[in-house]
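Colleague: From first to last, the protein sequence lines are chains A and B. Sequential numbering of the first sequence, starting at 418, is according to the working numbering. Sequential numbering of the second sequence, starting at 16, is according to the working numbering. Just so it is clear, CB atoms sit at the ideal spot from N, CA and C, and this is done for glycine as well.
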Amino acid sequence: MTAVARTAPVAATRNDLLSWITTTDHKRIGILYICTSLCYFAIAGALALAIRTQLAVPGNHLLTPHVYNELFTLHGTAMIFLFVAPFALGLANFLIPLQIGAPDMAFPRLNATSYWMFLFGGIIVFSGVATNEGAAAAGWTAYAPLSEIAVSTGLGQDLWIVGVLMVSVASILTSINFVTTVFIYRAPGMTMWRIPIFTWEMVATSLLIFMAFPPLASDLLLLFVDRRLGGHAFDPAFGGNPILYQHLFWFFGHPEVYVMILPYFGVISEIIPVFARKPIFGYTGLVLAAFAIAGLSMGVWAHHMFTTGAVNNPFFSAVSFLIAVPTGVKFFNWIATMWRGSISFKTPMLFSMGFLMNFLLGGVTGVMLASPPVDYQAHDSYFVVAHMHYVLGGGSLFAIFAGLYFWWPKMFGVMLDERLGTWSFWFLFIGFNVAFFPMHILGVEGMPRRVFTYPDTGSLPELNFIATCGAYIMLIGAILFGINVLVSALRGKPAGDDPWGANSLEWATTSPPPEYNFTSLPPIRSERPVWDMHHPEGARASR
Amino acid sequence: MTIGLRLFLSSMTFAIAIAIAYWFIAHEIAGTFLLGFMAFALSVIAGYMIVAEREADVWGDQGSANQSDAAGQIVGTYSIRSPLPIWAALAISLILLGLIVSPTMAVLGLLAVLAVSALFIVQSR
Chain A
418 MTAVARTAPV AATRNDLLSW ITTTDHKRIG ILYICTSLCY FAIAGALALA IRTQLAVPGN
478 HLLTPHVYNE LFTLHGTAMI FLFVAPFALG LANFLIPLQI GAPDMAFPRL NATSYWMFLF
538 GGIIVFSGVA TNEGAAAAGW TAYAPLSEIA VSTGLGQDLW IVGVLMVSVA SILTSINFVT
598 TVFIYRAPGM TMWRIPIFTW EMVATSLLIF MAFPPLASDL LLLFVDRRLG GHAFDPAFGG
658 NPILYQHLFW FFGHPEVYVM ILPYFGVISE IIPVFARKPI FGYTGLVLAA FAIAGLSMGV
718 WAHHMFTTGA VNNPFFSAVS FLIAVPTGVK FFNWIATMWR GSISFKTPML FSMGFLMNFL
778 LGGVTGVMLA SPPVDYQAHD SYFVVAHMHY VLGGGSLFAI FAGLYFWWPK MFGVMLDERL
838 GTWSFWFLFI GFNVAFFPMH ILGVEGMPRR VFTYPDTGSL PELNFIATCG AYIMLIGAIL
898 FGINVLVSAL RGKPAGDDPW GANSLEWATT SPPPEYNFTS LPPIRSERPV WDMHHPEGAR
958 ASR
Chain B
16 MTIGLRLFLS SMTFAIAIAI AYWFIAHEIA GTFLLGFMAF ALSVIAGYMI VAEREADVWG
76 DQGSANQSDA AGQIVGTYSI RSPLPIWAAL AISLILLGLI VSPTMAVLGL LAVLAVSALF
136 IVQSR
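#1: What residue from 875/A, 851/A, 873/A has the CA that sits closest to residue 883/A's CA?
#2: Residues of chain B with CB under 7 Å from residue 436/A, in chain order?
#3: Could you compute how far the alpha carbon of residue 909/A sits from the alpha carbon of residue 834/A?
#4: Please determine if the segment 520-540 of chain A and the segment 102-113 of chain B are in contact, where contact requires at least 3 C-beta pairs separated by less than 8 Å.
#5: Using a Cβ-Cβ cut-off of less than 9 Å, give me the residues of the segment 916-945 of chain A that come near chain B, in sequence order.
#6: Report the three-state DSSP secondary structure of residue 558/A (helix, strand or coil).
#7: Please report the straight-line C-alpha distance between residue 81/B and residue 575/A, rounded to a whole angstrom.
#8: Scan the segment 631-642 of chain A for residues whose Cβ lies nearer than 7 Å to a Cβ of chain C and list them as they occur along the chain.
#9: Output the boundary residues of the alpha helix (DSSP H) element that contains residue 734/A.
#10: Along chain B, which residues have their Cβ under 8 Å away from the Cβ of residue 533/A?
#11: Under the rule that 16 or more other beta-carbon atoms within 10 Å means buried, what is residue 577/A, buried or exposed?
#12: For a cutoff of 8 Å on Cβ pairs, would you count residue 58/B as touching chain A?
#13: My output table needs one value for residue 798/A: the three-state DSSP class, helix, strand or coil.
#14: Looking only at its own chain, which residues have a Cβ that is under 8 Å from the Cβ of residue 714/A, when we skip the five neighbours before and after it?
#15: What residue range is occupied by the uninterrupted alpha helix (DSSP H) comprising residue 544/A?
#16: Exposed or buried, residue 419/A, counting other C-beta atoms within 10 Å across all chains shown (16 or more means buried)?
#17: Report the three-state DSSP secondary structure of residue 133/B (helix, strand or coil).
#18: Could you tell me the distance, in whole angstroms, from the CA atom of residue 762/A to the CA atom of residue 875/A?
#19: Under a Cβ-count criterion, where at least 16 other Cβ atoms within 10 Å of its own Cβ denotes burial, should residue 948/A be classed as buried or exposed?
#20: Compute the Euclidean distance between the alpha carbons of residue 728/A and residue 47/B, then round it to the nearest angstrom.
#21: Can you name, in chain order, every residue of its own chain whose Cβ lies under 6 Å from the Cβ of residue 759/A, other than the five neighbours on each side?
#22: Check the Cβ of residue 38/B against every Cβ in chain A and list those closer than 9 Å, keeping chain order.
#23: Are residue 618/A and residue 554/A close, meaning C-beta to C-beta below 8 Å?
#24: How is residue 724/A classed by DSSP in three states: helix, strand or coil?
#25: Beta carbons nearer than 8 Å to chain B: which residues of the segment 709-721 of chain A have them?
#26: Once the 5 residues before and after residue 453/A are set aside, which same chain residues still bring their CB inside 6 Å of it?
#27: Hey, out of 42/B, 65/B, 120/B, 74/B, whose CA is closest to residue 16/B's CA?
#28: With 16 as the cutoff for other CB atoms within 10 Å, does residue 663/A come out buried or exposed?
#29: What are the boundary residues of the alpha helix (DSSP H) that includes residue 783/A?
#30: Note down, in chain order, every chain B residue with its Cβ under 8 Å from the Cβ of residue 568/A.
#31: So that I know if they touch, is there some Cβ in chain A lying closer than 8 Å to that of residue 73/B?
#32: When you compare only the Cα positions, how much space is there between residue 721/A and residue 75/B?
#33: Would you call the segment 583-592 of chain A in contact with the segment 465-474 of chain A, where contact means no fewer than 3 C-beta pairs closer than 8 Å?
#34: Throw me the rounded Cβ distance for the residue 98/B and residue 439/A pair, which I believe falls under 8 Å.
#35: Leaving aside the five residues before and after residue 594/A along the sequence, list all residues of the same chain whose C-beta is less than 8 Å from its C-beta, in chain order.
#36: Determine, for residue 552/A, whether the minimum Cβ-Cβ distance to residues of chain B falls below 8 Å.
This is the structure:
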């Protein structure tokens, strides 16, 4: 029998700096992940504001072209490798053992090692700023030959490679930990078909990480060998092939999109039933859709390479279209969950609604870009920038805020302020759409991405100015969230164990949970054990 | 057969199918290799699970079990604190930075990784 662990008696919880540095408690590691990724988000957000300020008017010289290249490289790298995906790992670190009734992760010290590798990897990426030739400037994709030593001569690109490599390895270790924990450490009665949707989504995400990150690591190693040891893997003059870089990169890169969205599908699937006061509609369908998305996402990588002319466009187009089917199933299930529900629009639900609306638009433009004729027109234009930001900003970011407002009481034992949360939501939602919707039109009008300025023609100046205004409106929303955190820390209302009347097992323990999580567990007879505990009549009737 | 094993077996089957389909449609070696390698990796995990499952008996798989049913099953002690993870990460950083900055630093990092690994083993006993 391996499902339960007996834990050694421990002293009262310590809260000094050393106890945080040496912690192997999954909840603290989760909080460390979340705080660190939010710090990287703040930096990446500041870089985005600098980029938008540069683009506010045509012919602006606030930034030099090279500095602009560094900024968008670090912005993309930080958002993708250091914020959106690691935040999900942090949330999963905090939640998975709680949701399955386990005392900790299967490998607590490996878990802590992964966190520190992620932290140091991020610092190494940013340390390029302090080198003579500045940080990496070849974009977050670091395409060869742009990232080869002949073009990117500085140490910044090497530090970028090493830093991203460390973050990748940390993610692989974490994914192994998640899968092992879920398969082995579930509490008695917590069968696989009773684990919460968020945990299921993290299992699918972990499989994706496990499959997709090793090719990235090998790509980075080859690039490193090219740069530092005189290799020629991507140099056609010596028999290398730059297209190989793109294959390896996007074999990671497109599943990475789902690594950054599947966990947040899980977040939304946890929040909507709670605030609609209904069980989730189609639990099994949601789980199967997650794995269908994960599986199909491994076969679409070259839709990023349509315009190279070196890939089979019909194959990748067809598989890309197919992903819309399971994603549509998820949307249907979320809407059906809300249908005739008693919906309460608390802040987590508001952000979930924002997620649904933004992600829908990002998904629709994704389907458009899956069509090679459209992609040939829109490739490397602001249309693609708008699409990816609607998926990752409008989708993942809004789900991140939804998750923060939802689980903050469980993490820290105090509520976040509802009024500030609502204001924060509206500033972020309006700001986001003001910033990114015009980019669709900019792209259609032919504005390429990654340019530090643009000509004063057509509606380019007006649309860029509107987009910049939107970015600053978002800043107000983010500041309001920061104020909310401070207010909560100073005079936050105590949360109690289950402030939302929620369903899953994390709400059965105290807020914040003790070391080893539970002193006792309720009987687990469905995917809503806490609801069953509070409503025994209803639980019996539903069985 | 547990759901976990089914998950890996079905993922492996899917990977094999898509690798074959991709080869016959695209005739492209890099993608076929990556998909084939994915299938291989999944088959290794599935194979391990088939072997490991012979002895597995997870309380979580028993739908009518309660917490009290599992009482007395000791699977080890969870340490809530260890200084080793941060040292391990620092040592790995030292190796990788050493590859860029100085080979001496990389060697020091390697020695540090070996030392931390030894301490991990000692602490696990």
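Modeller: Let me lay it out:
#1: Here residue 883/A refers to the residue found at position 466 of the first sequence. Nearest C-alpha to residue 883/A: 851/A.
#2: Here the question's residue 436/A lines up with position 19 in the first sequence. Those within 7 Å of residue 436/A in chain B are 96.
#3: Counted from its first residue, the first sequence places residue 909/A at position 492. Counted from its first residue, the first sequence places residue 834/A at position 417. Taking the straight line from one Cα to the other gives about 7 Å.
#4: As far as the Cβ criterion goes, the segment 520-540 of chain A touches the segment 102-113 of chain B, which means the pair count is three or higher.
#5: Hits within the stretch, in order: 932, 933, 935, 937, 938, 939, 940, 941, 942.
#6: Here residue 558/A corresponds to residue number 141 of the first sequence, with the count starting at 1. Three-state result, residue 558/A: coil.
#7: In the second sequence, the residue the question calls residue 81/B occupies position 66. In the first sequence, the residue the question calls residue 575/A occupies position 158. Rounded to the nearest angstrom, the two C-alpha atoms are 53 Å apart.
#8: Among the protein chains of the structure shown, namely A and B, there is no chain C.
#9: Here residue 734/A refers to the residue found at position 317 of the first sequence. From DSSP, the alpha helix (DSSP H) with residue 734/A extends over 730-755.
#10: Counted from its first residue, the first sequence places residue 533/A at position 116. Chain B residues near residue 533/A: 100, 101, 103, 104, 105.
#11: Taking the first residue of the first sequence as 1, we reach residue 577/A at position 160. Answer is buried; the Cβ neighbour count reaches 16.
#12: Taking the first residue of the second sequence as position 1, residue 58/B is located at position 43. Chain A contact via Cβ: absent.
#13: Position 381 of the first sequence, counted from the first residue, corresponds to residue 798/A. It is a strand residue.
#14: As a first step, residue 714/A must be located in the first sequence, where it is residue number 297. Hits under 8 Å: 625, 671, 672, 674, 675, 740.
#15: Residue 544/A sits at position 127 when you count from the first residue of the first sequence. Per DSSP, residue 544/A belongs to the alpha helix (DSSP H) from 525-544.
#16: Reading the first sequence from its first residue, position 2 is the one you call residue 419/A. At residue 419/A the pLDDT is 39, less than 50, meaning the model places this residue with poor confidence; the figure from the coordinates comes in the next sentence. Only buried fits residue 419/A, as 16 or more other CB atoms lie within 10 angstroms of its CB.
#17: Numbered from 1 along the second sequence, position 118 holds the residue referred to as residue 133/B. Looking at residue 133/B - three-state DSSP - the assignment turns out to be helix.
#18: Counting from one through the first sequence, the residue named residue 762/A turns up at place 345. Counting from one through the first sequence, the residue named residue 875/A turns up at place 458. Between the alpha carbons of residue 762/A and residue 875/A lies a gap of roughly 41 Å.
#19: Here residue 948/A refers to the residue found at position 531 of the first sequence. Buried.
#20: As a working note, residue 728/A is residue 311 in the first sequence. As a working note, residue 47/B is residue 32 in the second sequence. Computed Cα separation, rounded: 12 Å.
#21: Stepping through the first sequence from its first residue, residue 759/A is reached at position 342. Within the same chain, and ignoring the five residues on either side of residue 759/A in sequence, the residues whose Cβ sits closer than 6 Å to its Cβ are 694.
#22: Position 23 of the second sequence holds residue 38/B. The premise fails here: residue 38/B is roughly 11 Å from chain A at the closest Cβ pair, so nothing lies under 9 Å.
#23: What you label residue 618/A is simply residue 201 of the first sequence in a count that begins at 1. What you label residue 554/A is simply residue 137 of the first sequence in a count that begins at 1. No; because the gap between Cβ atoms is not below 8 Å, this pair is not in contact.
#24: One-based indexing of the first sequence puts residue 724/A at position 307. It is helical.
#25: Answer set for the segment 709-721 of chain A: 712, 715, 716, 718, 719.
#26: What you label residue 453/A is simply residue 36 of the first sequence in a count that begins at 1. Only 536 meet the Cβ criterion.
#27: Here residue 16/B is taken as the residue at index 1 of the second sequence, counted from 1. Closest in C-alpha terms to residue 16/B, from the list 42/B, 65/B, 120/B, 74/B, comes 65/B.
#28: On the first sequence, position 246 is the one that residue 663/A refers to. Residue 663/A should be labelled buried.
#29: On the first sequence, residue 783/A is found 366 positions in, with the first residue counted as 1. 764-786 is the span of the alpha helix (DSSP H), which, as asked, contains residue 783/A.
#30: Within the first sequence, numbered from 1, the residue matching residue 568/A stands at position 151. In chain order: nothing, as chain B lies at least about 18 Å away.
#31: Position 58 of the second sequence holds residue 73/B. The beta carbon of residue 73/B falls within 8 Å of a beta carbon belonging to chain A, placing the residue at that interface.
#32: Taking the first sequence and counting its residues from 1, one reaches residue 721/A at position 304. Taking the second sequence and counting its residues from 1, one reaches residue 75/B at position 60. One C-alpha to the other measures close to 41 Å.
#33: In short, these stretches do not touch, since the Cβ pair count stays below three.
#34: In the second sequence, residue 98/B corresponds to position 83, counting from 1. In the first sequence, residue 439/A corresponds to position 22, counting from 1. Contact holds; Cβ gap of about 5 Å.
#35: Sequence index remark: in the first sequence, residue 594/A carries index 177 (1-based). 522, 523, 524, 527, 528, 531, listed in sequence order.
#36: Numbered from 1 along the first sequence, position 135 holds the residue referred to as residue 552/A. Using a CB distance cut-off of 8 Å, residue 552/A does not count as an interface residue toward chain B.
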